[in-house]
Amino acid sequence: MKKRMLKMARTPLHEWNLKTEAAIALQHELAQHIVLEDHLGEVRFIAGVDMAINEEHNAARAAVVLMSFPELEIVERHVYEEPIRMPYVPGLLSFREAPSVIGAFEQLRQKPDLIMVDGQGIAHPRRLGIGAHLGLWLEIPTIGCAKSLLTGKYDKEKLGEEAGSWVPLISRKETIGAVVRTRTRVNPMFISPGHLISLETSIRYVLACGKGYRLPEPTRQADKLSKDNTTPDNTDVNFTINYSSSQPDTKNMNVQVNQFKLW
DNA sequence: GCGACAG
DNA sequence: ATCTTGTCGC
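Numbering (the working numbering), first residue to last: 5 to 267.
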């Protein structure tokens with residue numbers, strides 16, 4: 005029997021296997037469609053996504069964890085693995101990671117109201133970091149939560165040491181995000197709206213998802229799931245492997261597990 | 001021309 | 001991203 009999952013099946017926005025020049029041109033084009041006003045309804049479910057790479061096995065593993073809000077309890081967990089498609093190129097991260105993340109998202113039963121992505125939102129050279137790109141593709145509000153800076157400047161002196169303090173991230177005279185102290189005396193996070201959300205609201209949700217760690221809980225859980233080879237928890241993990249990303253439905257195995265270690 | 005450069 | 005031991009601080 006087949007499992008029901010979200011059918012986001014519609015005409016694909018675009019191809020993913022593009023040459024550098026085409027990818028850059030596409031980012032400029034897509035950035036024009038980003039909406040930075042809040043288009044959120046009641047937020048009951050927030051998803052966190054992250055990736056892990058295993059060069060040795062040429063495997064890319066994407067993880068998505070759906071959590072209830074504001075309780076922040078795990079509702080669903082999915083891991084999607086496939087061959088690595090592209091090398092990492094600063095500014096073109098989404099072309100390497102988004103396809104896998106989308107594969108993981110297609111396993112979700114419950115559609116999230118908000119997504120926290122590991123990487124930049126619009127705080128990107130062409131204003132289309134992976135957070136913004138995923139928001140456009142999925143048509144769901146997204147927030148970019150990066151652990152380091154890609155582009156932009158900020159007043160390091162004015163950033164307080166206490167959790168909750170933040171300063172704007174500026175680029176070309178414009179505010180493209182915020183440098184947020186998510187934990188006292190710990191390196192800040194670089195937050196920027198992805199799509200269908202404002203910067204103020206983005207910061208609000210990131211702080212509301214804080215559990216005393218540097219990473220907001222949804223992202224932290226996804227990070228753990230993509231890296232850990234075992235999951236000694238209560239909730240099961242849906243593990244899907246696509247052995248041929250070039251031919252999506254050729255070989256695909258999907259299993260429920262609570263213990264896994266494929267590398 | 002010279003650096004900087006998410007994960 | 002991944003590698004990789006001990007160690008400083010609340």
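Heads up, the beta-carbon is just placed ideally off N, CA and C, and yes, glycines get one too.
Whose C-beta lies closer than 6 Å to the C-beta of residue i among residues of the same chain, with five residues either side of it excluded?
| i | result |
| --- | --- |
| Ile-38 | Ala-136 and His-199 |
| Asp-159 | Val-171 |
| Leu-76 | Glu-221 |
| Gly-95 | Pro-129 |
How should residue i be labelled, buried or exposed, when 16 other C-beta atoms within 10 angstroms of its C-beta is the threshold for buried?
| i | result |
| --- | --- |
| Gly-45 | exposed |
| His-128 | buried |
| Tyr-209 | buried |
Grouping DSSP H, G and I as helix and E and B as strand, with all else coil, what is residue i?
| i | result |
| --- | --- |
| Leu-34 | helix |
| Asp-117 | coil |
| Val-47 | coil |
| Ile-126 | coil |
| Leu-76 | coil |
| Arg-8 | coil |
| Leu-97 | helix |
| Lys-157 | strand |
| Pro-222 | helix |
Please list, in chain order, all residues of the same chain as residue i whose beta carbon is under 7 Å from its beta carbon, the five residues on each side excluded.
| i | result |
| --- | --- |
| His-3 | Beyond the ends of the chain as shown, which are 5 and 267, falls residue 3; an answer cannot be given. |
| Gln-31 | Arg-130 and Leu-132 |
| Val-183 | Tyr-158, Leu-163, Trp-170, Val-171, Leu-173, Pro-192 and Phe-194 |
| Gln-111 | Met-9, His-82, Tyr-84, Asn-242 and Thr-244 |
Among the residues of its own chain, which have a CB less than 8 Å from the CB of residue i, if the five just before and after it don't count?
| i | result |
| --- | --- |
| Ala-108 | Val-53, Ala-66, Ala-67, Val-68, His-82, Val-83, Tyr-84 and Thr-244 |
| Ala-102 | Trp-20, Ile-134, His-137, Leu-138 and Trp-141 |
| Arg-48 | Ser-72, Phe-73 and Asp-117 |
| Pro-91 | Arg-100 |
| Met-55 | Ala-64, Arg-65, Ala-66, Ala-67, Glu-101, Ser-104, Val-105, Asp-122 and Ser-230 |
| Ile-207 | Trp-170, Ala-182, Val-184 and Ile-195 |
Assuming residue i and residue j form a contact by the criterion Cβ under 8 Å, report the distance between their Cβ atoms to the nearest whole angstrom.
| i | j | result |
| --- | --- | --- |
| Leu-34 | Phe-99 | About 12 Å; that fails the 8 Å criterion. |
| Gly-156 | Gly-181 | 7 Å |
| Ile-119 | Ile-78 | At roughly 15 Å, the Cβ-Cβ gap does not stay under 8 Å, so Ile-119 and Ile-78 are not in contact. |
By DSSP's criteria, residue i is part of a beta bridge. Which residues make up the other side?
| i | result |
| --- | --- |
| Leu-173 | Gly-181 |
| His-199 | Thr-146 |
| Leu-40 | None, per the DSSP bridge assignment. |
| Asp-54 | Ala-67 |
| Met-193 | Val-184 |
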